[in-house]
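Numbering (this note's numbering), first residue to last: 5 to 230.
What follows is a single structure, written as structure tokens, with notes after it.
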């Protein structure tokens, strides 16, 4: 069985796509908030009833293909998921690296779904699909802070033909949409805690929406620019 798993992973690795997870595989969320006052965070992964078995491989990294060691483990890191079944990924902070206690830290959770291979598939190319989602580590010291209001506290200022977005909060703010005057920004940025981001554009008014803790979208907020 182990040799079969290894052979399947090796073949599937030839064609790895950074796309939403296989249609039959569902990951229960688009982002994960890891509260520092809890021992772990969990995420369900399910396989639709009419689907073939898949191997699910999961890990946490700092960035795309980063080799830097991160203080998180995922258990189980590799398992078989049959059709009509669900399993739960447990993400555990190991404490091997001390993270800031006055602001959030961000990491990436990878979930790779690998279709199982039978003898008749040995001459076929199997495609593994990887989905990635952000893990926001929220220190216990921020438990009393209102993370849901962070997006409303952004500060905007124009500098020539650019807009500077300041985030005075300890939380990451992921913008869903950003419009400067009549110009809609194609890829709105994520602004790190106590940091700023700059985008090209100018106008007399800015409008924005953000992604909340649950992966939903906030209402729109508008502000006149000076």
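Backbone N, C-alpha and C fix where the C-beta goes; we use that ideal spot for every residue, glycine too.
Please read these numbers as outputs of a predicted model, since none were measured by experiment.
{"Item": "Buried versus exposed, by CB contacts within 10 Å (16 or more), residue 225", "Value": "exposed"}
{"Item": "Those residues which DSSP pairs with residue 60 across a bridge", "Value": "83 and 117"}
{"Item": "C-alpha gap between residue 97 and residue 148, whole angstroms", "Value": "21 Å"}
{"Item": "Residue 206 - DSSP class collapsed to helix/strand/coil", "Value": "coil"}
{"Item": "Simplified DSSP state of residue 101, which is helix, strand or coil", "Value": "coil"}
{"Item": "Boundaries (first-last residue) of the beta strand (DSSP E) holding residue 46", "Value": "45-51"}
{"Item": "Enclosing beta strand (DSSP E) for residue 216 [first to last residue]", "Value": "It is not in any beta strand (DSSP E) - residue 216 carries neither H nor E in the DSSP assignment."}
{"Item": "Buried versus exposed call for residue 56 [16 or more other C-beta atoms within 10 Å across all chains shown]", "Value": "exposed"}
{"Item": "C-alpha distance - residue 215 paired with residue 222, whole-angstrom precision", "Value": "6 Å"}
{"Item": "Supposed close pair residue 114, residue 136 - CB separation, criterion 8 Å", "Value": "5 Å"}
{"Item": "Pair within 9 Å by beta-carbon distance, residue 85 and residue 49", "Value": "yes"}
{"Item": "Cα-Cα separation, residue 117 to residue 52", "Value": "13 Å"}
{"Item": "Cut-off 6 Å between Cβ atoms - residues of its own chain near residue 109, not counting five sequence neighbours on either side", "Value": "103 and 141"}
{"Item": "Residue 218, buried or exposed, once every other Cβ within 10 Å from all chains shown has been counted against 16", "Value": "exposed"}
{"Item": "Beta-carbon proximity list for residue 8, same chain, < 7 Å, skipping 5 on both sides", "Value": "Confidence in residue 8 is poor, its pLDDT being 47 and thus under 50, which makes the residue's placement unreliable; the coordinate value appears in the next sentence. Answer for residue 8: no residue qualifies."}
{"Item": "C-alpha gap between residue 88 and residue 119, whole angstroms", "Value": "15 Å"}
{"Item": "Terminal residues of the beta strand (DSSP E) in which residue 227 lies", "Value": "225-228"}
{"Item": "Buried versus exposed, by CB contacts within 10 Å (16 or more), residue 43", "Value": "exposed"}
{"Item": "Coarse secondary structure for residue 132, derived from DSSP in three states", "Value": "strand"}
{"Item": "Reference residue 249; option with closest CA among 228, 153 and 38", "Value": "Since the first and last residues shown for the chain are 5 and 230, residue 249 lies out of range."}
{"Item": "Length of the line joining the Cα atoms of residue 29 and residue 131", "Value": "14 Å"}
{"Item": "Span separating the alpha-carbon of residue 195 from that of residue 106", "Value": "16 Å"}
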